[in-house]
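A.B. asks: To start, I am sharing the structure in question, which I have written as structure tokens.
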Amino acid sequence: MAYRAFDVETFDSATRWETNTAEATVAARFTALEARVIAMADHDRLETGRPPSRIGRALDAVFGIKRTAPLADPKLEALRRFTVIARLAEGRLPEREIETFTAAGFSPLQARALQLRAAATHLFAH
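This is the structure:
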């Protein structure tokens, strides 16, 4: 017959783990507006955040291509850009992109959540 140790230390470590997990979940959450930006970025191209070159503007005019304008809020634009780059890089981003994203006001856990989302999307798409 197996016995389980029910000492106080075991319960404390379990409670600590649950608390840390709950804090991490809250830290990795996005607001409703941020979630909409993430969903919108799923259909954006990488160059949507950059101003087009003179030749690019001419080609856009000839072929009737409409570019997506950058978002007015710099924090939301950083989120959109990071989401697009994460999707195109299949979740494998250079450290400088993560630093830029966190400098915009997002947490490293939010960056990781978007990386994992992009990797999972790529994994299950193929």
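Start counting the sequence shown at 295; every next residue gets the next number (this note's numbering).
Even for Gly, the Cβ is constructed at its ideal location relative to N, Cα and C.
Treat the numbers as computed from the prediction; the structure is a model and nothing was measured.
#1: Measure the Cβ-Cβ separation of residue 370 and residue 328 and say whether it is below 9 Å.
#2: DSSP on residue 464, reduced to helix/strand/coil?
#3: Might you give, ordered along the chain, the residues of its own chain that have their beta carbon closer than 6 Å to the beta carbon of residue 416, omitting 5 neighbours on each side?
#4: Look at the alpha carbon of residue 403 and the alpha carbon of residue 382, and state the distance between them as a whole number of angstroms.
#5: State the Cα-Cα distance for the pair residue 401 and residue 340, rounded to the nearest angstrom.
#6: Cβ atoms of residue 412 and residue 362: under 9 Å apart, would you say?
#7: Assuming residue 398 and residue 368 are in contact, meaning their beta carbons sit under 8 Å apart, how far apart are those beta carbons, in whole angstroms?
#8: Measure the alpha-carbon distance for residue 388 versus residue 374 and round it to whole angstroms.
#9: Run through DSSP, which three-state label would residue 396 get?
C.D. replies: Working from what's here:
#1: Locating residue 370 in the sequence shown gives position 76, counting from the first residue. Locating residue 328 in the sequence shown gives position 34, counting from the first residue. Yes, Cβ-Cβ distance for residue 370 and residue 328 is below 9 Å.
#2: The structure shown does not extend to residue 464, since the chain is modelled only from 295 to 420, so the question has no answer here.
#3: Taking the first residue of the sequence shown as 1, we reach residue 416 at position 122. The residues are 384.
#4: Here residue 403 corresponds to residue number 109 of the sequence shown, with the count starting at 1. Here residue 382 corresponds to residue number 88 of the sequence shown, with the count starting at 1. Computed Cα separation, rounded: 20 Å.
#5: Looking up residue 401 in the sequence shown gives position 107. Looking up residue 340 in the sequence shown gives position 46. Residue 401 and residue 340: Cα-Cα distance of roughly 22 Å.
#6: As a working mapping, residue 362 is identified with position 68 in the sequence shown. As a working mapping, residue 412 is identified with position 118 in the sequence shown. Not in contact: residue 362 and residue 412 (Cβ atoms no closer than 9 Å).
#7: Taking the sequence shown and counting its residues from 1, the one referred to as residue 398 is at position 104. Taking the sequence shown and counting its residues from 1, the one referred to as residue 368 is at position 74. Contact holds; Cβ gap of about 7 Å.
#8: Here residue 388 corresponds to residue number 94 of the sequence shown, with the count starting at 1. Here residue 374 corresponds to residue number 80 of the sequence shown, with the count starting at 1. Going from the Cα of residue 388 to the Cα of residue 374 covers about 16 Å.
#9: Here residue 396 refers to the residue found at position 102 of the sequence shown. Note: residue 396 maps to helix in three-state DSSP.
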